[in-house]
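S.K.:
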Amino acid sequence: DTGVSQNPRHKITKRGQNVTFRCDPISEHNRLYWYRQTLGQGPEFLTYFQNEAQLEKSRLLSDRFSAERPKGSFSTLEIQRTEQGDSAMYLCASSFLRGGDVREQFFGPGTRLTVL
Amino acid sequence: AQSVAQPEDQVNVAEGNPLTVKCTYSVSGNPYLFWYVQYPNRGLQFLLKYITGDNLVKGSYGFEAEFNKSQTSFHLKKPSALVSDSALYFCAVRDTHSGNTPLVFGKGTRLSVIA
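So the sequences go chain by chain: H and U.
For the first sequence, the positions run 29 to 144 when our numbering is used.
For the second sequence, the positions run 1032 to 1146 when our numbering is used.
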């Protein structure tokens, strides 16, 4: 399978614990995005990378959230001191940017986080 | 700021009938518009996009969408619905005015096709 993969698929944690999610994009894609989706809502943008550079962060991304893409390949999203409001599906997507060409994003299956 | 509205939470249609899922948008400049579909326990799958050119865009699985600049709409359509089309559909927009802005999604419309 050459699509976007995310691990773990499900994570249950207690409030105050730290969690880390991983995203492996499609191999030739240079852009990687993180979104959060809650029940009854569409995905909300969190942050994105072009290669290893984090280019934009949403106001939704509080200082408890940090994302990295150290070698321009896989990415991790860490949430420190989790709160019940962090419970959501965390989606990763990737795309290939070349010049002004507008390419669609390909999404992974998501990581469902439940904070007890 | 860019935004997307999907005015219907749920659309029900009989198998074989045409379907329409509505989407309107608001941007400062010109829009890039996308439709995605989400099946249970699976990620969003790309259906089609409008960047420029013909207002009628054809995509995967027989879906098409019509860009209407005057009505700021990008409704998703299919001439003959299948039960397997039942899923959650999301419209998304990106504003070209502000450079590389991220996608903004609507809340989604649940399509139910009844046999």
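Each residue gets a CB set at the ideal place from its N, CA and C atoms; glycine is no exception.
With which residues is Lys85(H) paired in a DSSP beta bridge?
M.R.: Within the first sequence, residue 85(H) is the residue found at index 57, counting from 1. Answer is Thr75(H).
S.K.: Whose C-beta lies closer than 6 Å to the C-beta of Ser55(H) among residues of the same chain, with five residues either side of it excluded?
M.R.: Against the first sequence, residue 55(H) aligns to sequence position 27. No residues qualify anywhere along the chain.
S.K.: Is DSSP giving Val1114(U) helix, strand or coil here?
M.R.: Mapped onto the second sequence, residue 1114(U) falls at position 83. Residue state, collapsed to three classes: helix.
S.K.: Output the boundary residues of the beta strand (DSSP E) element that contains Asn58(H).
M.R.: Mapped onto the first sequence, residue 58(H) falls at position 30. Unbroken run through Asn58(H): none, as it is neither H nor E.
S.K.: I'd like to know if Lys1089(U) contacts chain H, where contact means its C-beta is closer than 9 Å to some C-beta of that chain.
M.R.: Taking the first residue of the second sequence as 1, we reach residue 1089(U) at position 58. For Lys1089(U), the answer is no, since every Cβ of chain H falls outside 9 Å of its Cβ.
S.K.: In three-state terms, what does DSSP make of Tyr1070(U)?
M.R.: Looking up residue 1070(U) in the second sequence gives position 39. Residue state, collapsed to three classes: coil.
S.K.: Compare the beta carbon distance of Glu132(H) and Phe1077(U) with 9 Å and say whether it is the shorter of the two.
M.R.: Position 104 of the first sequence holds residue 132(H). Position 46 of the second sequence holds residue 1077(U). The answer is yes: Cβ separation under 9 Å.
S.K.: For the segment 64-76 of chain H, list every residue whose C-beta sits within 7 Å of some C-beta in chain U, in sequence order.
M.R.: The segment 64-76 of chain H vs chain U, Cβ under 7 Å: Gly68, Gln69, Gly70, Pro71, Phe73, Tyr76.
S.K.: Determine the chain H residues that contact Pro1133(U) at a beta-carbon separation under 8 Å, and present them in chain order.
M.R.: For the purposes of this step, residue 1133(U) is taken as the residue at position 102 of the second sequence. Here the neighbours are Tyr61, Phe73, Tyr76, Glu84, Ser86.
S.K.: So with Cβ pairs under 9 Å, would you call Phe1065(U) a contact of chain A?
M.R.: No chain A is part of this structure, whose protein chains are labelled H and U.
S.K.: From what residue to what residue does the beta strand (DSSP E) around Ala1096(U) run?
M.R.: The count along the second sequence starts at 1 and reaches residue 1096(U) at position 65. Where Ala1096(U) is concerned, the enclosing beta strand (DSSP E) stretches over 1095-1099.
S.K.: Let me know the secondary structure DSSP gives Gln1037(U) once reduced to three states.
M.R.: What you label residue 1037(U) is simply residue 6 of the second sequence in a count that begins at 1. In the structure shown, Gln1037(U) sits in coil (DSSP, three-state: anything other than H, G, I, E or B).
S.K.: Can you tell me which of Tyr1092(U), Leu1079(U), Lys1080(U), Phe1065(U) puts its alpha carbon nearest to the alpha carbon of Gly1137(U)?
M.R.: Counting from 1 along the second sequence, the entry for residue 1137(U) is found at position 106. Among Tyr1092(U), Leu1079(U), Lys1080(U), Phe1065(U), the Cα nearest to that of Gly1137(U) belongs to Phe1065(U).
S.K.: So is Asn1072(U) in contact with chain H if we call contact Cβ pairs under 9 Å?
M.R.: For this step, residue 1072(U) is matched to residue 41 along the second sequence. Chain H contact via Cβ: present.
S.K.: Measure the C-alpha to C-alpha separation of Val1044(U) and Phe1105(U) and round it to an integer number of angstroms.
M.R.: Against the second sequence, residue 1044(U) aligns to sequence position 13. Against the second sequence, residue 1105(U) aligns to sequence position 74. If I take the Cα positions, the gap works out to 19 Å.
S.K.: Looking only at DSSP bridge pairs, what is Lys1043(U) linked to?
M.R.: Numbered from 1 along the second sequence, position 12 holds the residue referred to as residue 1043(U). The identity of residue 1043(U) in the sequence shown is Asn, whereas the question assumes Lys. Its beta-bridge partners are Ser1143(U).
S.K.: So Phe1121(U) contacts chain H; which residues on that side make the cut at Cβ distance below 8 Å?
M.R.: On the second sequence, position 90 is the one that residue 1121(U) refers to. What Phe1121(U) touches in chain H: Gly70, Pro71.
S.K.: Rounded to a whole number of angstroms, what is the C-alpha to C-alpha distance between Asn1086(U) and Pro1062(U)?
M.R.: If you number the second sequence from 1, residue 1086(U) lands on position 55. If you number the second sequence from 1, residue 1062(U) lands on position 31. Near 12 Å, if we compare the C-alpha coordinates of Pro1062(U) and Asn1086(U).
S.K.: At a Cβ threshold of 9 Å, is Glu80(H) touching chain U?
M.R.: Within the first sequence, numbered from 1, the residue matching residue 80(H) stands at position 52. Not closer than 9 Å to any Cβ of chain U, the Cβ of Glu80(H) fails to qualify, so no.
S.K.: What number of angstroms, rounded off, separates the C-alpha of Ser90(H) from the C-alpha of Val130(H)?
M.R.: Start at 1 with the first residue of the first sequence, and residue 90(H) comes out as number 62. Start at 1 with the first residue of the first sequence, and residue 130(H) comes out as number 102. Taking the straight line from one Cα to the other gives about 29 Å.
S.K.: Spell out whether any CB of chain H is found under 9 Å from the CB atom of Lys1053(U).
M.R.: Locating residue 1053(U) in the second sequence gives position 22, counting from the first residue. It does not: the Cβ of Lys1053(U) has no partner Cβ on chain H nearer than 9 Å.
S.K.: Contact check, Val1088(U) vs Asp1116(U) under 8 Å by CB: the rounded distance?
M.R.: In the second sequence, residue 1088(U) corresponds to position 57, counting from 1. In the second sequence, residue 1116(U) corresponds to position 85, counting from 1. With 8 Å as the limit, Val1088(U) and Asp1116(U) do not qualify as a contact, their Cβ atoms being about 17 Å apart.
S.K.: Going by C-alpha distance, which of Phe49(H), Gln45(H), Arg43(H), Phe135(H) is nearest Arg161(H)?
M.R.: Outside the shown range of chain H (29 to 144) lies residue 161(H), about which nothing can therefore be said.
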